[in-house]
Amino acid sequence: MLSAYVSSYILAVIVLIILLTMMAYMTYFERKVLAVMQDRIGPNRTGPFGLLQPLADGVKLLQKEDIVPQAADKRMFLIAPLVSFVLAPVAAAVIPFGNTIHVFGYPVHLYVADINVAVLYVLAIGSMGVYGIILGGYASGNRYSLLGGLRSAAQVVSYEITLGLSLVGVFILSGSLSLVQILHQQQQALSFGALQVPNWYILSQPLAFVIFLIAAVAETNRAPFDLPEAETELIAGFHTEYSGFRFSFYFLAEYINMIIVSLMASTLFLGGIDGPIASGVWWLLIKAGVFLLFYVWLRATLPRFRYDQLMGLAWKVLLPLAVVNIALTGLIRLWGLGLL
Amino acid sequence: MSAEVVVFDILSVIAVLAAIGVVLARNPVHSAASLVVTFVNLAAIYVMLRADFLAVVQVIVYTGAILVLVLFVIMLVHQEDLPEFHGGRPVQRAAGFILGLILLGEVAAAVLTRSASVPSGPWTPAAVQSAGGNVQALGQVLYSGYVLPIQATALVLLVATVGALVLARPDLPRLRSARRETSTISLGHPRGTDVEPQPTALPAVSASQVKPETGERELVMAKSGDEFVDHPVWGERREP
Numbered sequence: 077m078l079s080a081y082v083s084s085y086i087l088a089v090i091v092l093i094i095l096l097t098m099m100a101y102m103t104y105f106e107r108k109v110l111a112v113m114q115d116r117i118g119p120n121r122t123g124p125f126g127l128l129q130p131l132a133d134g135v136k137l138l139q140k141e142d143i144v145p146q147a148a149d150k151r152m153f154l155i156a157p158l159v160s161f162v163l164a165p166v167a168a169a170v171i172p173f174g175n176t177i178h179v180f181g182y183p184v185h186l187y188v189a190d191i192n193v194a195v196l197y198v199l200a201i202g203s204m205g206v207y208g209i210i211l212g213g214y215a216s217g218n219r220y221s222l223l224g225g226l227r228s229a230a231q232v233v234s235y236e237i238t239l240g241l242s243l244v245g246v247f248i249l250s251g252s253l254s255l256v257q258i259l260h261q262q263q264q265a266l267s268f269g270a271l272q273v274p275n276w277y278i279l280s281q282p283l284a285f286v287i288f289l290i291a292a293v294a295e296t297n298r299a300p301f302d303l304p305e306a307e308t309e310l311i312a313g314f315h316t317e318y319s320g321f322r323f324s325f326y327f328l329a330e331y332i333n334m335i336i337v338s339l340m341a342s343t344l345f346l347g348g349i350d351g352p353i354a355s356g357v358w359w360l361l362i363k364a365g366v367f368l369l370f371y372v373w374l375r376a377t378l379p380r381f382r383y384d385q386l387m388g389l390a391w392k393v394l395l396p397l398a399v400v401n402i403a404l405t406g407l408i409r410l411w412g413l414g415l416l
Numbered sequence: 633m634s635a636e637v638v639v640f641d642i643l644s645v646i647a648v649l650a651a652i653g654v655v656l657a658r659n660p661v662h663s664a665a666s667l668v669v670t671f672v673n674l675a676a677i678y679v680m681l682r683a684d685f686l687a688v689v690q691v692i693v694y695t696g697a698i699l700v701l702v703l704f705v706i707m708l709v710h711q712e713d714l715p716e717f718h719g720g721r722p723v724q725r726a727a728g729f730i731l732g733l734i735l736l737g738e739v740a741a742a743v744l745t746r747s748a749s750v751p752s753g754p755w756t757p758a759a760v761q762s763a764g765g766n767v768q769a770l771g772q773v774l775y776s777g778y779v780l781p782i783q784a785t786a787l788v789l790l791v792a793t794v795g796a797l798v799l800a801r802p803d804l805p806r807l808r809s810a811r812r813e814t815s816t817i818s819l820g821h822p823r824g825t826d827v828e829p830q831p832t833a834l835p836a837v838s839a840s841q842v843k844p845e846t847g848e849r850e851l852v853m854a855k856s857g858d859e860f861v862d863h864p865v866w867g868e869r870r871e872p
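So the protein lines, in turn, are chains A and C. For the first sequence, the numbering used here gives the first residue as 77, with consecutive numbering after it. For the second sequence, the numbering used here gives the first residue as 633, with consecutive numbering after it.
Given below as structure tokens:
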């Protein structure tokens, strides 16, 4: 019992460190990929291939003055970025990074916690994280920031519904909300005659996968849904007034959220650690990397949505599609169980 | 004292302090932020009671959706524009005080008559485990013993949804065909269309109404952005 707690804590620390490192290099990755897509060179001055650029950025931002505007709601202004940043990595606790292994005779689970409501837990953490943006936008005492915060509030509430409903199909098929259980379900192989197919939910829930992907981009405030920080109309939205490391807290929370959503998408729809040869955590990382590349690609390709288009897309297109998907999946499930 | 009691004490003290903050805060946004803290601590107490699902739903529904929408509204309101947010009407204060006392008495009565003497129900931790977990156990109970209440709740929510749709419907539907169809939802325009009704043509200006061009124009110098407006620029401190 105690050893389980200890191994959980050790794993939590390892996951946190890896996540923070990945987050730093995600900024490098994004700048490099964007540069290649726009026919530029990208960061190449600091260290070999510019690999020390995230470090240099961090040091630079730490040295900047921490400006608090006179009109700001001071306490709230100082706390709000921390809310975003602290809550972002917490969601990684329920993502399974591998099967149970044995270290010195003790069984060690490669997940921090297998709770029965894991997927809902991730959604709950996501819905809490938006408070950093809303309160930061309010506390800045700036109209642009306030508008950014308001947009974020409306956007997150709308897309969270879509995000949750798109996952219901997966829940119906797997019969569980636990990510570990969902992963186990996907590791069973389906065979159609001679053809062996993994039971990945992207094959049985393609519509849910597409809806999840779109809603996840909106939920993480990324282009083309980055309305809360639209620089062309709102200067920089909710973080106009932030400087130095408080600004970077928002920035880094966004990247951690991207990584977590990618890990979630890989685990929920693409079989997570499961792969054609040598299953392991590297498959999860490869799949998450593909999603991260997709994120960057989107940013390089698509222009920003208009605000009413964004809300219209959520409520008039994605939500009905998600409900249709739930109804179809439920009927097929009943038919499969012989109840129809 | 076991570790569980210590954790419970910490959580409940923070929850109660934050709840006091909700009432005492001068700024409604601060009240809402305190309420977030209360809800999260309450969710943590649910987790201690092994009600994982309830805890997560509490965070998603109350903290993640309802409070965000409440914040959405009160962030747009000037603190000074709120009518008597604190104090003011003595009758309301007295009524609030008495209702609060009654609520406190009810809670005290419930705690005193219930605690420790009631035998535990059928859902022991072992029973929940054998049902497959917290979510499964809750689902079995809700969809076997409580089907009718669930459907009644669903109906009430449906009525509320229809009511919201009716309120948000563009008024005067017969005029809509004259306007440009936009088929968008716009938060900036609560009626749902982003086109103003076309103004009727202005009457023609007669030659006597037109001032002759002199080249001289009164020059107005403003000392600050809100010198000639009734309301100050948002966020700037108003002198008391």
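We treat Cβ as the ideally placed atom computed from N, Cα and C, and that holds for glycine. This structure is a prediction, so every number in the text was calculated from the model and none was measured.
For this session: Out of A/SER319, A/GLU330 and A/GLY251, state which residue places its alpha-carbon closest to the alpha-carbon of A/GLY406.
Result: A/GLY251
Exercise. Hey, how far is the Cα of A/VAL372 from the Cα of C/ASN659?
Worked result: 40 Å
For this session: Can you have a look at A/ALA230 and say buried or exposed, based on whether 16 or more other CB atoms are within 10 angstroms of its CB?
Result: buried
Problem set entry | A/SER267, enclosing beta strand (DSSP E) - first and last residue | 265-268
Exercise. When the distance is taken between beta carbons, is A/PHE325 closer than 7 Å to A/PRO157?
Worked result: yes
Exercise. Roughly how many angstroms lie between the CA atoms of A/PRO119 and A/GLY356, to the nearest whole one?
Worked result: 32 Å
For this session: Check whether the Cβ of A/GLY123 sits closer than 6 Å to any heavy atom of the ligand COA, and report yes or no.
Result: By its list of ligands, the structure shown contains no ligand whatsoever, and the ligand COA lies outside what it can speak to.
Problem set entry | Rounded separation between A/GLY320 and A/MET204 - CA only | 24 Å
For this session: Taking C-beta pairs closer than 9 Å, name the residues in chain A that C/PHE685 reaches, listed in chain order.
Result: Contact note: C/PHE685 reaches chain A through ASN192, VAL193, LEU196 and LEU253, using a C-beta cutoff of 9 Å and chain order.
Exercise. Run through DSSP, which three-state label would A/GLN272 get?
Worked result: strand
Exercise. Within 7 Å (strictly less), CB to CB, does A/ILE210 reach chain C?
Worked result: yes
Problem set entry | Proximity winner among A/ILE90, A/THR176, A/ALA169 and A/LEU222, relative to A/LEU196 (alpha-carbon distances) | A/ALA169
Problem set entry | 8 Å Cβ cut-off: residues of chain C touching A/MET152 | VAL661, HIS662 and ALA665
Exercise. In angstroms, rounded to a whole number, what distance separates the CA positions of A/LYS136 and A/GLN129?
Worked result: 10 Å
Exercise. Using the beta-carbon count (16 or more within 10 Å), is C/GLN880 buried or exposed?
Worked result: Since the first residue shown for chain C is 633 and the last is 872, residue 880 of chain C is missing from the structure and cannot be characterised.
Exercise. How would you call A/SER242, buried or exposed, if buried means at least 16 neighbouring beta carbons within 10 angstroms?
Worked result: buried
Problem set entry | Interface partners of C/VAL655 on chain A, CB under 8 Å | Those do not exist, as C/VAL655 stays about 18 Å from chain A at its closest Cβ, beyond 8 Å.
Exercise. Does the beta-carbon distance from A/LEU38 to A/VAL273 come in below 7 Å?
Worked result: Lying before the first or after the last residue shown, residue 38 of chain A is absent from chain A, which here runs from 77 to 416.
Exercise. From this set, A/LEU339, A/ARG227, A/LEU360 and A/MET340, which residue's C-alpha is nearest A/ILE422's C-alpha?
Worked result: Missing from the structure shown is residue 422 of chain A; chain A here goes from 77 to 416 and no further.
Exercise. In chain A, which residues lie less than 7 Å from C/ILE692 when you measure between Cβ atoms?
Worked result: LEU196, LEU199, ALA200 and SER203
For this session: Go to C/GLY732, then tell me how far its alpha helix (DSSP H) extends in each direction, as first and last residue.
Result: For C/GLY732, the uninterrupted alpha helix (DSSP H) segment begins and ends at 722-746.
Exercise. Going along the chain, which residues of its own chain have a beta-carbon closer than 6 Å to the beta-carbon of A/ASN401, five neighbours each way excluded?
Worked result: GLY245, LEU283 and ALA284
Problem set entry | Own chain partners of C/ILE642 with C-beta closer than 8 Å, once the 5 adjacent residues on each side are dropped | none
For this session: Say whether chain C places a C-beta atom closer than 7 Å to the C-beta of A/VAL393.
Result: Judged by the 7 Å Cβ criterion, A/VAL393 is not in contact with chain C.
For this session: Check the C-beta distance from A/TYR331 over to A/THR103 and give it rounded, since I have them as a contact under 8 Å.
Result: 6 Å
For this session: Can you give me the start and stop residues for the alpha helix (DSSP H) that A/PRO379 sits inside?
Result: Counting along the chain, A/PRO379 falls outside any alpha helix (DSSP H), and DSSP gives it neither H nor E.
Exercise. Any contact of the region 147-162 of chain A with the region 726-737 of chain C, i.e. 3+ C-beta pairs under 8 Å?
Worked result: no
For this session: Whole angstroms is fine: what's the gap from C/LEU649's alpha carbon to C/ALA683's?
Result: CA-CA distance, C/LEU649 to C/ALA683, rounds to 23 Å.
Exercise. Which residues of chain C have a Cβ atom closer than 8 Å to the Cβ of A/VAL225, listed in chain order?
Worked result: A small fix is needed here, since residue 225 of chain A is Gly in this sequence, not Val. MET707, listed in chain order.
Exercise. Can A/THR343 and A/LEU255 be called in contact, C-beta distance under 7 Å?
Worked result: yes
Problem set entry | Interface residues of chain A facing C/ASN766 [CB-CB closer than 8 Å] | ASN192 and VAL193
For this session: Check whether the Cβ atoms of A/ALA364 and A/LEU328 lie closer than 7 Å to each other.
Result: Against a cut-off of 7 Å, the Cβ pair of A/LEU328 and A/ALA364 comes out as no contact.
Exercise. From A/ILE171 to A/HIS185, what does the alpha carbon distance come to, in whole angstroms?
Worked result: 11 Å
Exercise. Could you give the distance in angstroms between the alpha-carbon of A/LEU271 and the alpha-carbon of A/GLN257?
Worked result: 25 Å
For this session: Would you check if there are 3 or more beta carbon pairs closer than 8 Å linking the region 787-800 of chain C to the region 218-238 of chain A?
Result: Judged by Cβ distances under 8 Å, the region 787-800 of chain C makes no contact with the region 218-238 of chain A, as fewer than three pairs qualify.
For this session: Quick one: grab the DSSP three-state call for A/SER221.
Result: In the three-state reduction of the DSSP assignment, A/SER221 falls in the helix class, which pools H, G and I.
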